[in-house]
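Novice:
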Amino acid sequence: MFTMAVASQSVRVKVLFFGRLKEIVGHSEASVELPDGSPIEALFSRYGAQHPELTRFRASLVASHNQEFAPWSTPLHCGDEVAFLPPVSGG
Amino acid sequence: MTNDSPIDLLLLVRDPIDHAALVGHVREAEDGAVVTFDGCVRNHSRGRRTLYLDYEAYEAMALAKIRAISEQIHEKFHIHRVAIAHRLGRLEIGETSVFIAISSEHRPAAFEACRFAIDTLKRTVPIWKKEYFGDGAIWADGEIPPAPLETHAAKPAS
Chain A
426 MFTMAVASQS VRVKVLFFGR LKEIVGHSEA SVELPDGSPI EALFSRYGAQ
476 HPELTRFRAS LVASHNQEFA PWSTPLHCGD EVAFLPPVSG G
Chain B
40 MTNDSPIDLL LLVRDPIDHA ALVGHVREAE DGAVVTFDGC VRNHSRGRRT
90 LYLDYEAYEA MALAKIRAIS EQIHEKFHIH RVAIAHRLGR LEIGETSVFI
140 AISSEHRPAA FEACRFAIDT LKRTVPIWKK EYFGDGAIWA DGEIPPAPLE
190 THAAKPAS
């Protein structure tokens with residue numbers, strides 16, 4: 426899991442799951458504590474360690490940050506909202 | 040969940056979509072055309088008989104993305120008004136999952152804008168459908184939305 430630098434401040438972010446990811450994780454929403462500035466990818470890795478099946482889908486997922494599509498390198502700060510989005514199939 | 044601007048009507052709904060209300064919203068005296076798209080729940084998927092579908096959305100983001108589509112339509116096409124409604128929850132065969140109505144002075148713009156609207160919606164709006172069959176259920180194959188790959192680095196001064 427995470428090794429935190431002594432000086433790094435930890436923050437809470439909201440994580441959302443949809444579709445098959447929600448079924449794998451078992452819930453649609455969580456509040457997660459992590460070091461300030463952690464990238465979205467690190468948050469996903471944390472869930473991947475808990476639910477290895479998630480990692481099978483990583484290549485087909487896109488991340489969102491505060492309701493906008495975002496790079497996986499986006500740093501997370503206090504109160505951010507993150508989601509891992511499976512391929513969309515509306516319409 | 041709704042996002043009404045005085046011009047456009049953008050909705051995520053759980054009850055059946057009222058086609059006439061959407062058409063009525065966009066149709067004004069100065070329009071020469073209203074083009075609509077009615078997305079229906081089909082009774083089969085890749086050779087299997089579908090029983091029903093269940094749609095879910097990242098609602099706040101989905102509505103923001105639908106709003107972005109309506110803004111793009113106004114920039115790209117010479118159209119008048121846009122109405123887009125997407126339904127969520129369980130939908131039976133034959134029901135409307137998405138309805139789009141676009142008005143314009145002349146028909147080409149409304150035709151083009153309507154095609155753009157449904158194609159962009161299917162690619163960029165975070166909505167998912169699960170297909171239920173007699174012998175199980177699967178999440179429909181979807182499209183991977185175009186997303187920024189890396190944080191944009193500041194451009195070096197030239």
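Line order of the protein sequences matches chains A and B.
Here the first sequence is numbered in my numbering, starting from 426 and rising by one per residue.
Here the second sequence is numbered in my numbering, starting from 40 and rising by one per residue.
Built from N, CA and C at the ideal position, the CB exists for glycine as well.
Report yes or no: is there a C-beta of chain B within less than 9 angstroms of the C-beta of A:F469?
Specialist: No, its Cβ sits nowhere closer than 9 angstroms to a Cβ of chain B.
Novice: Please give the ranges of any beta strand (DSSP E) in the segment 44-86 of chain B, keeping only runs that are unbroken, at least 3 residues long and fully inside the region.
Specialist: The qualifying runs are 48-52 and 72-79.
Novice: Does A:A420 get closer than 9 angstroms to chain B when you measure Cβ to Cβ?
Specialist: The question about residue 420 of chain A has no answer here: the residues shown for chain A are numbered 426 through 516.
Novice: Whole angstroms is fine: what's the gap from A:S453's alpha carbon to A:V438's?
Specialist: Distance between the alpha carbons of A:S453 and A:V438: 14 angstroms.
Novice: Less than 6 angstroms between C-beta atoms, sequence neighbours within five positions excluded: which residues of the same chain meet that for B:V52?
Specialist: A124 and R126.
Novice: If you drop the 5 nearest sequence neighbours on each side, which residues of the same chain put their C-beta closer than 7 angstroms to that of B:D47?
Specialist: Excluding sequence neighbours, B:D47 sits near S109, R120, V121 and A122.
Novice: Tell me the rounded alpha-carbon separation between B:P195 and B:L188.
Specialist: Low confidence applies to B:P195: its pLDDT is 44, below 50, so where it sits in the model is not reliable, and the reading given next is rough at best. Taking the straight line joining both Cα atoms gives about 19 angstroms.
Novice: Identify the residues that DSSP records as bridge partners of A:H476: which are they?
Specialist: A:H476 pairs with nothing; no bridge assigned.
Novice: Is it true that the CB of B:I141 sits closer than 9 angstroms to the CB of B:T89?
Specialist: Contact: no.
Novice: Less than 9 angstroms between the C-beta atoms of B:E134 and B:P184, yes or no?
Specialist: Contact: no.
Novice: Kindly indicate which residue of B:F172, B:A186 and B:W178 has the alpha-carbon position closest to the one of B:Y91.
Specialist: Answer by Cα proximity: B:F172.
Novice: Using DSSP with H/G/I as helix, E/B as strand and the rest coil, what is A:T499?
Specialist: The answer is coil: DSSP assigns A:T499 none of H, G, I, E or B.
Novice: So, B:V73 versus A:G515, is the Cβ gap smaller than 9 angstroms?
Specialist: Taking 9 angstroms as the Cβ cut-off, B:V73 and A:G515 do not qualify as a contacting pair.
Novice: Could you please give the first and the last residue of the uninterrupted beta strand (DSSP E) stretch that includes B:F150?
Specialist: Here B:F150 belongs to no beta strand (DSSP E); instead the alpha helix (DSSP H) covers R146 to T163.
Novice: Would you mind stating whether A:S435 and A:L459 have Cβ atoms separated by less than 9 angstroms?
Specialist: Yes, the pair counts as a contact, with Cβ atoms nearer than the cut-off.
Novice: At 7 angstroms on the CB atoms, spell out the chain B contacts of A:S489, in chain order.
Specialist: Those within 7 angstroms of A:S489 in chain B are M100.
Novice: If we count the other Cβ atoms within 10 Å of its Cβ and call it buried at 16 or more, is B:H148 buried or exposed?
Specialist: Here the sequence assigns Ala to residue 148 of chain B, which means His is not the residue at that position. Answer is buried; the Cβ neighbour count reaches 16.
Novice: For the segment 158-179 of chain B, which residues have a beta carbon sitting closer than 8 angstroms to at least one beta carbon of chain A?
Specialist: Flagged, chain order: L160, K161, R162, T163, V164, P165, I166, W167, K168, K169, W178 and A179.
Novice: In its own chain, which residues sit with a C-beta less than 7 angstroms from the C-beta of A:A455, not counting the 5 before and 5 after it?
Specialist: Answer for A:A455: V440, listed in chain order.
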